[in-house]
Amino acid sequence: VLHKTDIGGVKLNITSSDDVEKAFDDIVSNVRKSMANARIDGVVLQEMISDGLETIIGTVNDPTFGPTVMFGMGGITVQVLKDVSFRVAPVCKSDALDMIEETLAGKLMKEFRGRGPLDEDSVADAIVRFSWLAYNHPEIKSIDANPMIVGVHGSTVVDARILL
Numbered sequence: 004v005l006h007k008t009d010i011g012g013v014k015l016n017i018t019s020s021d022d023v024e025k026a027f028d029d030i031v032s033n034v035r036k037s038m039a040n041a042r043i044d045g046v047v048l049q050e051m052i053s054d055g056l057e058t059i060i061g062t063v064n065d066p067t068f069g070p071t072v073m074f075g076m077g078g079i080t081v082q083v084l085k086d087v088s089f090r091v092a093p094v095c096k097s098d099a100l101d102m103i104e105e106t107l108a109g110k111l112m113k114e115f116r117g118r119g120p121l122d123e124d125s126v127a128d129a130i131v132r133f134s135w136l137a138y139n140h141p142e143i144k145s146i147d148a149n150p151m152i153v154g155v156h157g158s159t160v161v162d163a164r165i166l167l
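Counting in this note's numbering, the sequence shown runs from 4 upward without gaps.
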């Protein structure tokens with residue numbers, strides 16, 4: 004399921020085993036309503052990241068440029084804002100930092116309204132690693148890590164899709 008939130012495939016603030024059972028039943032029911040032929044092998048339960056900025060890192064093996072890497076605002080905002088930066092892979096850390104600075108996400112990572120700056124360094128490292136992954140594995144058509152939640156101390160990919 005590509006856009007899980009659109010079909011009720013994401014449940015937040017689960018605090019008990021009863022919540023887990025109800026969330027599982029709701030997710031399976033919602034997916035079946037939206038995608039009648041979907042094969043459901045299970046659901047993913049993961050720690051909730053409550054604070055941070057939703058960003059996206061992606062790669063595409065472009066027929067003209069070869070492997071490229073992308074960074075920008077993530078979550079559901081990526082489709083509305085289209086605020087992303089691209090480079091041909093592989094990139095170095097300096098290139099990755101430039102990509103961050105070119106986006107609204109980069110501006111929002113700065114110190115803001117009493118909150119300390121978010122961990123730009125971890126984002127740059129992730130961009131570099133994704134670019135090398137795409138460069139070293141041409142069989143990868145695309146990767147979408149969306150959202151990657153950027154916090155004060157690190158970044159966490161919450162959902163991802165890889166097409167071969």
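Glycine included, C-beta positions come from ideal geometry on N, C-alpha and C.
Please read these numbers as outputs of a predicted model, since none were measured by experiment.
Could you tell me the boundaries of the alpha helix (DSSP H) in which residue i lies?
i      : result
Ala99  : 96-104
Ser145 : From DSSP, Ser145 is part of no alpha helix (DSSP H) but of the beta strand (DSSP E) over 145-154.
Ala26  : 20-37
Val91  : Taken as a continuous stretch (DSSP letters only), Val91 belongs to no alpha helix (DSSP H), being part of the beta strand (DSSP E) at 87-91.
Gly109 : 107-111
Leu84  : 80-84
Please report the straight-line C-alpha distance between residue i and residue j, rounded to a whole angstrom.
i      : j      : result
His6   : His140 : 25 Å
Val31  : Ile59  : 26 Å
Gly78  : Val4   : 15 Å
Arg180 : Asp44  : The structure shown does not extend to residue 180, since the chain is modelled only from 4 through 167, so no value can be given for it.
Ile103 : Arg164 : 21 Å
Lys25  : Asn33  : 12 Å
Val183 : Val126 : No information on residue 183 is available, as it lies outside the stretch 4 to 167 that the chain covers here.
Thr106 : Asp98  : 13 Å
Asp22  : Val13  : 13 Å
Ile17  : Pro150 : 19 Å
If you follow the beta strand (DSSP E) that residue i is part of, which residue opens it and which one closes it?
i      : result
Thr159 : 157-160
Name the one or two DSSP bridge partners that residue i has.
i      : result
Ala163 : Ala148
Val72  : Thr62, Arg90
Please specify which runs of the beta strand (DSSP E), each continuous and at least 3 residues long, are wholly inside the region 44-70, giving them in chain order.
The DSSP assignment places 56-65 as complete runs of the beta strand (DSSP E) inside the region 44-70, in order along the chain (cut-off: 3 residues).
Worksheet item: So, do the region 111-118 and the region 88-102 have three or more beta carbon pairs nearer to each other than 8 Å?
Response: For the pair of segments examined, the region 111-118 was found not to touch the region 88-102: the number of CB pairs separated by less than 8 Å stays below three.
(Q) Restricting to runs no shorter than 4 residues, where is the alpha helix (DSSP H) found entirely within the region 123-147? (A) The DSSP assignment places complete alpha helix (DSSP H) segments of no fewer than 4 residues inside the region 123-147 at 123-139, in order along the chain.
**Study point:** Inter-stretch contact at 8 Å, needing at least 3 Cβ pairs: the region 45-53 / the region 66-85
**Key:** By the criterion of at least three beta-carbon pairs nearer than 8 Å, the region 45-53 is not in contact with the region 66-85.
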